[in-house]
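Each residue of the sequence shown is one higher than the one before, counting from 322 in the working numbering.
Beneath this line is the structure, given in structure tokens, with notes to follow.
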Amino acid sequence: MEQFWQNNDRARALFDDLLERSGRAAYDDDYLAVLDDYQKEAPDHPHLYVFAARYMLAHGDAAAAADYGERAFLLRPANHAVWDVLSRAYTALGRYDDALVMQGYAENLYRVPISLNIPSAALTPAALDRLSVALGVASYAPFAVCRMSYSRERGLSGQDGLFAREFLPVSPHISPPYYVGVYAEQEPRMSKSWLLDTVRRTPGAVAHAGGDFTFDIIRGEPARGRIEIDLPQDMEIVLPVIGTADDQKIRFETSTVNDTTWLNPDAPNFFRLSERTAISSDRDYIVGTPVRIGHDPSRRRLVLNILVDALAWSVVRGRFKEEMPNAHDFFSKGLIFDNHFSVAEYTYPSLATIETGMYPHHSGLVSGSVAIELRPDRITLSERMKERGYWAANLAGCGDGIYNGATRGYDRLIVTTYRQHAYAEVERLIRHLEGLPDTDHFIFLHALDVHAEASEFFQFSSSVQQRLPLADRLSAPDERVPSPYLVLNALSGAAFWQGVRDADRALGTLFSYLERHYSPDDYIVSLYSDHGISIFNECEDIANPAMTHAAWMMRGAGVPEGVRADELTSAVDIYPTLGALCDFSVDAYVDGVLPKVFGGTGREIAFSNSLFPTKAYYLAARSETHTLRLMVANAVEQDGTVDLSRAEVKIYPRDHEGEADHAVDSAELRAFFYPRVRAFLRGISNNGEVFNSPQST
């Protein structure tokens, strides 16, 4: 029988040779000869660039070492050997901020102590803030697991905290930067500012998610004293302004107005301007990115993406009309994909996949354990929509896409860690549309009503607690496990279906509003899920349908009407589909394809995989009729790679995935699946080449 995967033994032997030589610092002509042979076997490989960087460092060429290290970083950004050469090269070049970030990554994952071999003057607040992000959890923005400080007496020290009432540490290409404020709506002025200040100064803020605090994060610039906003004739904007002090007033002067008003500190205050305006205050303030008023006929009035987290389509599809009547009725007038699959099994990589159109091993956003940032030349969905002239706002989300840049195109991000209920999000959205009816919007909502959590950690909805018999109410396991590994019990099952109904009831209010105030040609509404739910798993394979058969449905301008599509689609296809409907370009690096129902080529295979470091690797590659299932028992490395030489591979009919007595094999099936799956795995295979862990050196 044909072997599915064959490592490159020659490349592996050369890697081991180079590893041994670099271990004894033998950076001589023989080393270069081996490196040249390795390049022939593995051209443009991150390991090649790491070994080249080590050679350059040994010979005092830090600039060349940094160049090689950066090439490796683009290909394998979560690899500790890459961080090591970049840290040393950046330090030698005086790029101390960048060196600290690389050291922070290594400390975060491998507990490698940070080496303060840099001038103390370089430990600026900005450098320490970037280090704090590198030491933290990528999905926790704006929290900092270890907010760093420095003094000559104590050296480096850190404690849990958050970024609040200040700008987030971000790379220069994310401009203007994000200012972290508080969400406030129809409540006493200054109350949330006081609460925000209290939360950020209180130990345990990270562990308790700041009491599930809701942050309002906007792009903006600091201002002091008097500034002038010069608007061209016939231009109108809405300007967000954040105050920085209690009892702060702000003055506006135009040709017809000269008056003051109070600012709610730390929360966005909005002002509609239609002419040249002078703004002044005796205290500092933040001027947000203006919302430009006006509709362009080439755009839709509203493009709305709704992520219903963990809405498992394999579970809900058969009861869709019964359990989600509002969504059913709304999207039955549009398009519903019945054969849609997520790429990953949990939110962090899944959200990035949707926002970039890229597989995690191509974007580098593999694991939320460390805040690797999306490279600047990989343009996100929100950035594309912003380029088209839309006002891009994430009105209800979590922090998963902030530190890594996946949501960097949004000018406003309202985020909280867990309390993301659809009913509150719908009301927030409607108020937003009521205030800005004359703007072209791109809006994202992320609802968590359906998402399962362990009972040890999470309080279930009161309706479920009140309704269940005592035995069912107490049926959940006591131990806390990650959500992708929860097992079915009466409490979790009831909570899932209650969440489905709760989300649909709230969405019904939104859909009714849209149908009253917009025509279908005015909007494009997409509802999708990032993954499924484990409590309905029928096998241990985490890439099974319950976890990866996701929802995707659309309605509006350019969307076919009354269609239930059976073609295969993937989460990466959402990006190019919106590109076709909203007329923005889709670069070649995007992994998604345009579905056939929109006139595209469609896809032959939908790939779903669990690429979680320290866990076994699972892959499900689904065609319309069959599924190739692959498992590697060896743990996935922290850089998102795995040795595939011991992969266990079986093919099943789609209706019998994972059922041992239904496994099938034929030359025809292998000829179809093997080359396509091998191509997908090319960036995941490490050929058995693994650098020694920093813990063991």
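Here a beta-carbon is modelled for each residue, glycine too, at the ideal position from N, C-alpha and C.
Predicted, not measured: the structure shown is a model, and the values here were computed from it.
In this structure the region 584 to 595 does not touch the region 847 to 867; the number of beta carbon pairs closer than 8 Å is below three. The three-state secondary structure of G457, taken from DSSP, is coil.
By a beta-carbon distance limit of 8 Å, V501 contacts L489. Their separation comes to about 6 Å. In the structure shown, D537 adopts extended strand secondary structure according to DSSP, grouped into three states. C-alpha of G710 to C-alpha of T582: approximately 31 Å in a straight line. C-alpha of H683 to C-alpha of V911: approximately 9 Å in a straight line.
With respect to F658, A886 sits close: the two C-beta atoms are nearer than 7 Å. Of all C-beta pairs linking the region 612 to 623 to the region 768 to 785, fewer than three are shorter than 8 Å, placing the two stretches out of contact. By the C-beta density criterion, P463 is buried, having at least 16 other C-beta atoms within 10 angstroms. Under a 10 Å Cβ-count criterion, L791 is classified as exposed, with fewer than 16 other Cβ atoms of the shown protein chains found around its own Cβ.
Counting only runs that start and end inside the region 848 to 881, the beta strand (DSSP E) elements of at least 3 residues fall at 873 to 877. Residue burial annotation: E666 is buried, with at least 16 other C-beta atoms found within 10 angstroms of its C-beta.
Per the C-alpha coordinates, the member of T728, W873, L625 and L789 positioned closest to C903 is L625.
For S931, DSSP records a beta bridge to Y939. Between the alpha carbons of N1007 and Y426 lies a gap of roughly 20 Å.
In this structure, DSSP gives Q480 an extended state, which the three-state scheme calls strand.
Per DSSP, reduced to three states, the secondary structure at V355 is helical.
Contact annotation: G730 and S703 have beta-carbon atoms nearer than 7 Å. Distance from the Cα of E323 is smallest, within the candidate group E989, G1004 and P646, for E989. Under the three-state reduction of DSSP output, D982 falls in the helix class. Boundaries of the alpha helix (DSSP H) around T830: A811 to H838. The beta-carbon distance between A386 and L396, rounded to whole angstroms, is 16 Å. This is too long to meet the 8 Å contact definition. Between the region 459 to 475 and the region 717 to 727 there are three or more C-beta pairs closer than 8 Å, enough to call the two in contact. When secondary structure is reduced to three states using DSSP, S635 falls in the helix class.
Rounded to the nearest angstrom, the gap between the Cα atoms of N865 and A420 is 41 Å.
In chain order, E549, I550, D551, L552, T575 and S576 place their CB closer than 8 Å to the CB of R597, counting only its own chain and leaving out the 5 sequence neighbours on each side.
Comparing alpha carbon positions, the residue from L831, T890, A941 and G814 closest to R788 is G814.
When secondary structure is reduced to three states using DSSP, P974 falls in the strand class.
Counting along the chain, Y471 sits inside the beta strand (DSSP E) bounded by residues F464 to S472. No Cβ-Cβ contact shorter than 7 Å links Y348 with Y370.
When the five nearest sequence neighbours on each side are left out, the beta carbons in the same chain lying within less than 6 Å of the beta carbon of Y417 are those of I439 and A443, in order along the chain.
Counting C-beta pairs with one atom in each stretch, the region 740 to 751 and the region 830 to 846 have three or more that are closer than 8 Å, which means they touch. By the neighbour-count criterion, in which 16 or more other beta carbons inside 10 Å mark a residue as buried, H983 falls on the exposed side. No Cβ-Cβ contact shorter than 7 Å links F336 with E958. For the 7 Å CB-CB criterion, F372 and L414 do not form a contact. Linking Y471 to A599 through their CA atoms gives a straight-line distance of about 40 Å.
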